[in-house]
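With the first letter of the sequence shown counted as 1, position 725 gets the number 725 in UniProt numbering; the numbers rise by one all the way through. Written below as structure tokens is the structure these notes are about.
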Amino acid sequence: MAPNEDFKIIIAGGGIAGLTLANMLEKFDIQYVLLEAYSAIAPPVGASIGLFPNGLRILDQIGCYEAVARLSHEHLNKGYTRQENGKIIADIRYMFDHLERRFGYGLHFFDRQQLLQILYDHIQHKDRVLLNKAVTGIDLVKGGVNVTTADGSTYSGSIVVGADGIHSKVRSIMRALGTRLQPGYFDPDEEDRVPCYYRCSFGIAQHVPGWVGGEQNIVSGRGHSQLVVSGPDDRVYWFLFERLPTVKYGKDIPKYTTQDEAEFIKANASLAITEKVTFGQVFAKRLQSTLTPLHEVVFKKWFFKRIITFGDSAHKPNPLTGQGGNGAIESCAELVNAILRKRNGRAVSLDKLTDEDILDIFTETQSARHERAEMIVREAHKRQAMDAFEDPITSTIVQTLIMPQLGNEYVFNRMGNGFAGASKLEYLPVPHKARAVPFTDELPAKPVSESVSSAVRWGFVGGMGLVLAITKKAWRLPFSRLGGWGESGSIVISWLGDTPASQFLNALVSILSYPLLDKDPSMKWHLMNFLPQLISPILIYTIEGYRLGNQGSLLALPSLFTAGMQVQGIGRIAPLYGILSAIFGTESIPGRTVPKEVAMSLVPAVTLGFALPTIMSFWPTANVPAWQHWVTLWQFAPPLVNVLTALFSTGLRRLQQRRSPPDEHERDFERYKKRDVPVLQRAYMYAFAVQSTVHIATMAYAWSHPDISIAKTFFGLPNPFKANWNLPSLSQQLATFFRYDAVTAWAGYVGSNLYSVWELRRLGYIKTRSAVKAALAVVAGQFLVGSGATWAALWSWREGVIADLSQ
């Protein structure tokens, strides 16, 4: 068969990439031949393979997943991060179950050769898999390629796929051809710049005394780290990473002998894995082992003419994150996708593909994978650097102070970032599996690129920073003149005794008393419109503080912001919170969850903690001391909501525990049940109803009042950059402060609201049309129902959007 008559792929390498590609090609009746250098298709080389949801989804598409699931019968449900002495820093329970619930697939760890056997067993045309066929040469001929093997055989095809590992013969031949036929196509020094930062002892042990099955252990250390994982049949898979004294590159990267391995083991035998098991004890029960350098690279160009490479021959990460094999599977899928797109555009034919056609296919393949491959390599390197204490100060802070506070949602979300953007076979169905976190290609819209996202994020941060800068100029409170009850009365409050704190509290009471008592109706009217709009920030700061995905960040401290509202003004806190939310806010779909008992506590906490003191502060009474007590209580109202929420939710949780003691697994998986959503929606409805009613009523009152100008009251503000405002009275100065507080808070609200809509679109959670409609609704809502009600309505819609993404 001449190479230009029928399309045929020559696969060099019978590893995970090569055998996976062969299975895929058979699904679409594409001709191939696979050339494997070894004498066996599943030789006892290599160690283990970790299959994650991104690789498993593709294997499920080609019918191999069930065999993998049957083989890996012991689930990894306990994950530990440990110190160098084996003591636990952080732990994750139900790891497999969480991954399976989130993505439809768990984490399977087993012998690499077992996966090779599964892939081979699923090949229908085993006569196309040829052993003892090490590739030694490739010739580019008209319309195809000729491949020569070590035994002198020659094979003709349309393209060559080099899936033959980091020391790829195909890549070497391809680069030599490129240098000779098209000088400058390949960077001549690229191979010599491939770095090696670590060496690694990896292998398989069995029946290790003291080892607990079903566990994964990541052990940090100074200049070294370990990944030790349980496997089927009481196996233990280990990876011991040791940092090289100096980074090696290209030809200088060492190769290790059995003597080198023996010396390495002797030097590291005493390293602790757990508090009961050392590395030496695991190695003593080894079935096989290897000491190897770890190349870390994504080559700039993966193809030339009719030759393409992928898998470790094109993109090789540090194995710590287990993404090497999964990435190879993804690359196989993208090559097949590109081939099928070309076939569908040519009357369902691949005959006589030109060099330009092949260039299109290969370009699409690399374009689809290159950026993601770089991300995988980069993230694996960063994780290794953290575990091996390359920066001792940073690693110490993260492991001792930050990591124990983050919780497992943060860990699962970080892991998920490596899965969500995965490739799939576009022309095969994905077997249905319920998952709480959709893959990127299952979202309503394509996520926005990181470069655009970053530009918008920092633009928003800059805008909120400008608002904060304005408050620095506009906050002009004459504290030395404060302390009285309006213009003439005295304050009788002494809650904090005769202390500076009491004087400060009385000053805050004095600030609020002036607009309450002033004869100018616009001052009190402005407060009556402004203060109830604080319900939404108080409510939402509280909700965000309890969201699972925000734990471990500043957003998990809502009282910090509600107290700040009273001390610094909401005009400063709103933009500051917007900045922190843009940087630290959770993007996790399951991280959206709020404990149900917290959701149930919100309405009574807001009503008793904030709404009641606000109403009583506006309610004039002849009993001035009582009125002053209410105004004083109002100073504590926003953080009081947080206190009441904590008290009510704790009581509800304990009551529930007495009625029905919680199952630990069930409690941990509450995040996937969405039982908080209808309760949260009622809280948003409450906030919307109260704030919209107040806004409409106060605006109607002002519209009909002859002495109130809405425009002047809201926007009649002096220039904040002008040194002297020349305001005639203390009342006018305080009225100006409240107006600036309201305007800058409004800027923070609207900016944050619009940015939250952008975030939904950026992440692909909504389509562009929905984002535009939501943004317009945010703007219109400011006039129709007020800023607070608009925010509540937006969060209600947002809550539903995110919750509905979970299956």
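All residues carry an ideal CB built from backbone N, CA and C; glycine is no exception. The structure displayed is predicted, hence computed values, not measured ones.
Residue state for serine 220 is assigned as coil, using DSSP reduced to three classes. Closest in C-alpha terms to alanine 689, from the list Lys596, Ala474, Lys674, Thr607, comes Thr607. About 7 Å separates the beta carbon of valine 170 from that of serine 313, a gap short enough to meet the 8 Å contact definition. The beta carbon of phenylalanine 264 sits closer than 7 Å to those of Ser201, Leu291, all from its chain and outside the five residues before and after it, given in chain order. Taking C-beta atoms under 8 Å as the contact rule, glutamine 206 and valine 229 fail to qualify, at a distance of about 13 Å.
Going by beta carbons, serine 158 and glycine 178 fall outside the 9 Å limit. The C-beta of threonine 790 has 16 or more other C-beta atoms within 10 Å across all chains shown, which makes the residue buried. Per DSSP, arginine 346 lies in no alpha helix (DSSP H) segment and is marked neither H nor E. According to the DSSP secondary-structure assignment, glutamine 226 is paired through a beta bridge with Val219, Leu240. Every unbroken stretch of the beta strand (DSSP E) spanning 3 or more residues and falling wholly within the stretch 255–315 is given here in chain order: 286–295, 307–309. Each of Asn529, Pro537, Arg659 was checked against the Cα of valine 750, and the nearest Cα belongs to Pro537. By the Cβ test, the stretch 530–544 is not in contact with the stretch 422–439, since fewer than three Cβ pairs between them sit closer than 8 Å. Per the coordinates, the alpha-carbon of lysine 382 lies some 13 Å from the alpha-carbon of methionine 415.
The three-state reading of DSSP puts proline 625 in helix, counting H, G and I together.
For glycine 322, the closest C-alpha among the options Ser270, Glu275, Ile376 is that of Ile376.
With a contact defined as Cβ atoms closer than 8 Å, valine 161 and valine 147 miss out at about 11 Å. Comparing alpha carbon positions, the residue from Ser423, Ile615, Ser156, Lys255 closest to leucine 35 is Ser156. The Cβ neighbour count for histidine 98, taken over all protein chains shown within 10 Å, is at least 16; the residue is labelled buried. In the DSSP secondary-structure assignment, phenylalanine 618 is not bridged to any residue. For a cut-off of 8 Å, the C-beta gap from arginine 476 to glutamine 733 is around 7 Å, short enough to register as a contact. Annotation for asparagine 146: the continuous beta strand (DSSP E) segment containing it runs 144–149. By the Cβ test, the stretch 576–590 is not in contact with the stretch 719–731, since fewer than three Cβ pairs between them sit closer than 8 Å. DSSP places aspartate 498 in no beta strand (DSSP E); its state is neither H nor E.
Around the beta-carbon of histidine 705, fewer than 16 other beta-carbon atoms lie within 10 Å, marking it exposed. Judged by DSSP in its simplified three-state form, valine 461 adopts helix.
In this structure, serine 601 places its C-beta atom within 9 Å of the C-beta atom of leucine 652.
Distance check between threonine 614 and each of Asn344, Leu531, Ala385 places Leu531 closest, using alpha-carbon atoms only. Note that the C-beta distance between glycine 569 and alanine 747 is not below 9 Å. Per the DSSP secondary-structure output, tyrosine 198 pairs in a beta bridge with Arg243, Leu294. Aspartate 707 is classed as exposed because its beta carbon has fewer than 16 other beta carbons within 10 Å across all chains shown.
Shown here for serine 752: same chain residues with a beta carbon closer than 6 Å to its own, the five before and five after excluded, namely Gly578 in chain order.
Residue ranges of uninterrupted beta strand (DSSP E) with 3 or more members, entirely inside the stretch 96–183 and ordered along the chain, are 108–111, 135–141, 144–149, 154–157, 159–162. Per DSSP, leucine 320 lies in no beta strand (DSSP E) and is assigned neither H nor E. Within the model, the alpha-carbon separation for arginine 457 versus alanine 777 is close to 21 Å. Of all alpha-carbon atoms in Leu647, His629, Ala622, Trp619, the one lying nearest the alpha-carbon of alanine 599 is that of Leu647.
Look at glycine 609 here: in three-state DSSP terms it is helix.
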